[in-house]
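Participant: Below are the structure tokens for one structure; questions will follow.
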Amino acid sequence: MSDNPTDLVSIGEVTIPFYEDALIVQLGEDGEIYVALRPIVESLGLSWGSQVNRIKRDAVLSKKLRTLSVFVMNTQGAGQNREVICLPKQYLSGFLFGISASRIKDDAIRAKVLQFQEEAHLILDAAFTGDADSARAAMRLRYLRQGYDEAWIKQRQITIETRNQLTDEWQARGVQGKQYGILTAVIHNGAFGMKPSEHRELKGLDKGEVRDHMTGLELAFVNVAEQATIANIHTQDAQGYDENYDAAEKGGRAAGVARRAFEEEHGRKVISAKSYLEERKKLQPGKDELKSDED
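Note that this note's numbering has the sequence shown beginning at 76, numbered continuously upward.
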């Protein structure tokens, strides 16, 4: 067995968005979400042994290092338990922040890690000083580097702020773990008539956050759905999963009614099969900019 301070059993895995990508995480029997470190270290092209030693020397991270027993299926269909060294999800950013980017040989990966670390400085400043502008600046910097325009970024920031308000409400009202994803899918399905995974598939995306590929019009209705859900939570004083599920259904349904009314009035669909960012990338110099609500 590992000499890590706590050994736990994984009760399942889920995929969550993380920094423009998708991250597979483990659900520990203690209710925490854990991230396996070795796949991340190896994808960065770094020495696994060196990184483990670095964590063990860190006064904070060393106390959070855990070993999870994860059930893994092999190609023959047989399963076995493997010990996986992990950190709680909320400490992953601290681990990445401490990586020496100069040790990463791949230029593109090194640039992305440096970008992450630069944004982390701004976000930490926002967290400790209460300066929301620093957090917005970090977000804006990331999206500009990817090729988004200012109008789209402003809309995306609005949806992120609304989303944060909603998850704060859920946390305060007893929603836990996987229930966040279920409620999100309920709202999305009510607003668009499809789950987030189906919306992602429609746009031809293998992974990542579908909202980062939405048109401005799609983002507007995401915001309507989640604001309506927040209003329902307050009206009902929703407590626990079941009552918040009901509030989510009503919020999504209200946005769906508004979407269909818009489509009938304007004779155009809100839901787009196109990725907004990919459409931006197709633009040649000298052409008109793509409007943020174009589908």
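Ideal Cβ positions, reconstructed from N, Cα and C, are used throughout, including at glycine.
1. Would you mind reading off the limits of the alpha helix (DSSP H) that contains D321?
2. Per DSSP, what kind of secondary structure is Q251 in: helix, strand or coil?
3. How should N156 be labelled, buried or exposed, when 16 other C-beta atoms within 10 angstroms of its C-beta is the threshold for buried?
4. Check for me: the alpha helix (DSSP H) holding S168 runs from which residue to which?
5. I'd like to know whether the C-beta atoms of I160 and T142 end up nearer to each other than 7 Å.
6. If you drop the 5 nearest sequence neighbours on each side, which residues of the same chain put their C-beta closer than 7 Å to that of V250?
7. Tell me, please, whether the CB atom of A201 is closer than 7 Å to any CB atom in chain B?
8. To which residues of the same chain is E284 closer than 7 Å at the C-beta, ignoring the five residues directly before and after it?
9. With C-beta atoms as the reference, is Q221 less than 7 Å away from G291?
10. Just curious, the beta strand (DSSP E) that D82 is in, first and last residue?
11. Does the distance from the C-beta atom of L199 to that of A212 stay below 7 Å?
12. Compute the distance between the beta-carbons of A303 and A329, then report whether it is under 7 Å.
13. By alpha-carbon positions, which one of A247, F170, T237 ends up nearest to S125?
14. Determine contact between the region 258-267 and the region 119-133, defined as no fewer than three beta-carbon pairs at a distance below 8 Å.
15. Would you kindly work out how many angstroms separate the C-alpha atoms of G342 and V299, rounded to a whole number?
16. Pick helix, strand or coil for I346, following the three-state DSSP scheme.
17. Roughly how many angstroms lie between the CA atoms of D363 and E353, to the nearest whole one?
18. In chain order, what residues of the same chain have a beta carbon less than 7 Å from the beta carbon of D181, not counting five sequence neighbours either side?
19. Anyone know if the C-beta pair for I262 and G326 falls short of 7 Å?
20. Between I130, E301, E339, K282, which has its C-alpha nearest G173's C-alpha?
21. How would you label S175, buried or exposed, when you count the other beta carbons within 10 angstroms and need 16 or more for buried?
22. Give the straight-line distance between the Cα atoms of R178 and R286, rounded to the nearest whole angstrom.
23. Assign G256 to one of three DSSP states: helix, strand, or coil.
24. For the candidate residues R275, E193, L83, whose alpha-carbon lies nearest to that of S144?
25. Please name the residue in A186, I346, Y94, G87 whose C-alpha comes closest to that of L294.
26. CB-CB under 8 Å to S85, same chain, minus the five flanking residues each way: which ones, in chain order?
27. Roughly how many angstroms lie between the CA atoms of N239 and R217, to the nearest whole one?
28. Are F296 and R248 touching if we call contact CB-CB under 7 Å?
Facilitator: On the basis of the coordinates in this document:
1. By 1-based counting over the sequence shown, the position of residue 321 is 246. Its alpha helix (DSSP H) spans residues 315-341.
2. On the sequence shown, residue 251 is found 176 positions in, with the first residue counted as 1. In the structure shown, Q251 sits in coil (DSSP, three-state: anything other than H, G, I, E or B).
3. For the purposes of this step, residue 156 is taken as the residue at position 81 of the sequence shown. By the neighbour-count rule (16 or more Cβ atoms within 10 Å), N156 is not buried but exposed.
4. Stepping through the sequence shown from its first residue, residue 168 is reached at position 93. Run containing S168: 167-172, per the alpha helix (DSSP H) assignment.
5. In the sequence shown, counting from the first residue as 1, residue 160 sits at position 85. In the sequence shown, counting from the first residue as 1, residue 142 sits at position 67. It is a contact, given that the beta carbons lie within the stated cut-off.
6. In the sequence shown, residue 250 corresponds to position 175, counting from 1. Closer than 7 Å at Cβ, skipping near neighbours: L258, Y316, N319.
7. The structure shown contains no chain B, having only a single protein chain.
8. Start at 1 with the first residue of the sequence shown, and residue 284 comes out as number 209. P92, listed in sequence order.
9. On the sequence shown, position 146 is the one that residue 221 refers to. On the sequence shown, position 216 is the one that residue 291 refers to. Contact: no.
10. As a working note, residue 82 is residue 7 in the sequence shown. Residues 82-93.
11. Stepping through the sequence shown from its first residue, residue 199 is reached at position 124. Stepping through the sequence shown from its first residue, residue 212 is reached at position 137. Going by C-beta atoms, L199 is not nearer than 7 Å to A212.
12. To locate residue 303, count along the sequence shown from 1; it is residue 228. To locate residue 329, count along the sequence shown from 1; it is residue 254. Taking 7 Å as the cut-off, the Cβ atoms of A303 and A329 count as close.
13. Indexing the sequence shown from 1 puts residue 125 at position 50. For the set A247, F170, T237, the Cα lying nearest the Cα of S125 is the one of F170.
14. Too few Cβ pairs lie closer than 8 Å, so no.
15. Residue 342 sits at position 267 when you count from the first residue of the sequence shown. Residue 299 sits at position 224 when you count from the first residue of the sequence shown. Distance between the alpha carbons of G342 and V299: 20 Å.
16. Position 271 of the sequence shown, counting from 1, holds the residue named residue 346. Of the three classes helix, strand and coil, the one that applies to I346 here is coil, per DSSP.
17. Translated into positions along the sequence shown, residue 363 becomes position 288. Translated into positions along the sequence shown, residue 353 becomes position 278. Per-residue confidence for D363 stands at a pLDDT of 41, beneath the threshold of 50, marking its modelled position as unreliable; no derived number is given.
18. The count along the sequence shown starts at 1 and reaches residue 181 at position 106. Excluding residues within five positions, the ones whose Cβ falls inside 7 Å are G120.
19. Here residue 262 refers to the residue found at position 187 when the sequence shown is read from its first residue. Here residue 326 refers to the residue found at position 251 when the sequence shown is read from its first residue. It is a contact, given that the beta carbons lie within the stated cut-off.
20. Taking the sequence shown and counting its residues from 1, the one referred to as residue 173 is at position 98. It is I130.
21. As a first step, residue 175 must be located in the sequence shown, where it is residue number 100. Looking at its Cβ environment, which holds fewer than 16 other Cβ atoms inside 10 Å, S175 is exposed.
22. Residue numbering aside, residue 178 sits at position 103 when the sequence shown is read from its first letter. Residue numbering aside, residue 286 sits at position 211 when the sequence shown is read from its first letter. Using only the alpha carbons, I get a separation of about 33 Å.
23. By one-based count along the sequence shown, residue 256 stands at place 181. Here G256 sits in helix by DSSP.
24. Mapped onto the sequence shown, residue 144 falls at position 69. The shortest C-alpha separation from S144 is found at L83.
25. Within the sequence shown, the letter at position 219 stands for residue 294. Of the residues A186, I346, Y94, G87, the one whose Cα lies closest to the Cα of L294 is I346.
26. Within the sequence shown, the letter at position 10 stands for residue 85. Around S85, the same chain offers Q101, L102, G103, E104, Y109, L143, S144, V145, F146, V159 as residues with beta carbons nearer than 8 Å, after the five sequence neighbours per side are excluded.
27. Position 164 of the sequence shown holds residue 239. Position 142 of the sequence shown holds residue 217. One C-alpha to the other measures close to 18 Å.
28. Locating residue 296 in the sequence shown gives position 221, where the first residue counts as 1. Locating residue 248 in the sequence shown gives position 173, where the first residue counts as 1. For the 7 Å CB-CB criterion, F296 and R248 do not form a contact.
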